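Residues in the sequence shown are numbered from 47 upward in steps of one, following the numbering used here. To start, the structure under review is shown below, and the notes come after it.
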Amino acid sequence: MRKRALVGVAALVMALITPTVASAAETRFTEVPGVEGLYRVTGTDGDRAVRDAYDRCGAGTCFFQHYNGEGLIWIVPSCGRHQVPGYLDGKATSAWNKTSTTVILYDGIYSGRLGPMPGGFKGNLDPRHDNKMSSVDAAC
Numbered sequence: 047m048r049k050r051a052l053v054g055v056a057a058l059v060m061a062l063i064t065p066t067v068a069s070a071a072e073t074r075f076t077e078v079p080g081v082e083g084l085y086r087v088t089g090t091d092g093d094r095a096v097r098d099a100y101d102r103c104g105a106g107t108c109f110f111q112h113y114n115g116e117g118l119i120w121i122v123p124s125c126g127r128h129q130v131p132g133y134l135d136g137k138a139t140s141a142w143n144k145t146s147t148t149v150i151l152y153d154g155i156y157s158g159r160l161g162p163m164p165g166g167f168k169g170n171l172d173p174r175h176d177n178k179m180s181s182v183d184a185a186c
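So, in structure tokens, the structure goes:
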């Protein structure tokens with residue numbers, strides 16, 4: 047009886063100190079210091095990470111470093127013209143425009159128009175725009 051109790055206590059201690067799969071796979075968003083709206087995504091776990099990253103977008107427009115909403119995420123701070131933060135400049139590959147308005151993409155500082163991204167767009171950027179964007183005009 048005493049031996050069975052010790053085995054039970056040992057099992058409980060191991061369960062408490064061993065990380066679970068869910069906690070090890072938690073997606074974390076860490077703000078990049080000094081860059082408004084830019085976050086590093088870590089602890090990714092496949093589909094869950096993509097879902098978490100897209101959910102993080104809120105009600106605005108977001109751009110992601112890699113396909114399917116992975117890597118760095120930049121949340122466009124407001125309507126109007128914005129330069130892409132240096133960490134993501136020329137490296138955006140996917141996006142979600144959760145607004146109903148079009149966002150114009152540029153490969154220079156408001157020059158070299160790449161084209162429009164319509165309201166409601168979610169997915170990988172057109173191959174012609176992939177890894178080229180340097181600024182945007184969010185016409186809200």
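Cβ atoms here follow ideal geometry from the backbone N, Cα and C, with glycine treated the same way. It should be emphasised that the depicted structure is a prediction, and the values quoted were computed from it without experimental measurement.
Mind checking residue i: buried by the 16 CB within 10 Å criterion, or exposed?
| i | result |
| --- | --- |
| K168 | exposed |
| T88 | exposed |
| S181 | buried |
Apart from the five residues just before and just after residue i, which ones in its own chain have a Cβ nearer than 7 Å to its Cβ?
| i | result |
| --- | --- |
| G165 | N143, T145, S146, T147, T148 |
| R159 | I150, Y152 |
| K178 | G136, D153, L160 |
| E82 | P123 |
| R102 | F75, I119 |
Considering only C-alpha positions, which residue in the set the options is nearest to residue i?
| i | options | result |
| --- | --- | --- |
| G132 | E116, G115, Q111 | Q111 |
| N170 | S140, S124, A105 | S140 |
| G80 | A105, T88, W120 | W120 |
| E116 | R74, G126, D172 | R74 |
| D176 | T76, Y156, Y113 | Y113 |
Note down, in chain order, each residue of its chain lying with its Cβ closer than 6 Å to the Cβ of residue i, except the 5 sequence neighbours on either side.
| i | result |
| --- | --- |
| F109 | W120, A138, A141 |
Compute the minimum distance between the beta carbon of residue i and the heavy atoms of the ligand NAD, and state whether it is under 7 Å.
| i | result |
| --- | --- |
| C103 | The model on display carries no ligand, and the ligand NAD is accordingly not part of it. |
Using C-beta distances below 8 Å, list every residue in its chain close to residue i, excluding the 5 sequence neighbours before and after it, in chain order.
| i | result |
| --- | --- |
| A185 | C125, T147, T148, V149, I150 |
Could I get the ranges of all uninterrupted beta strand (DSSP E) runs contained in the stretch 88–156, with 3 residues as the minimum, in chain order? 107–112, 116–121, 126–129, 140–143, 149–152
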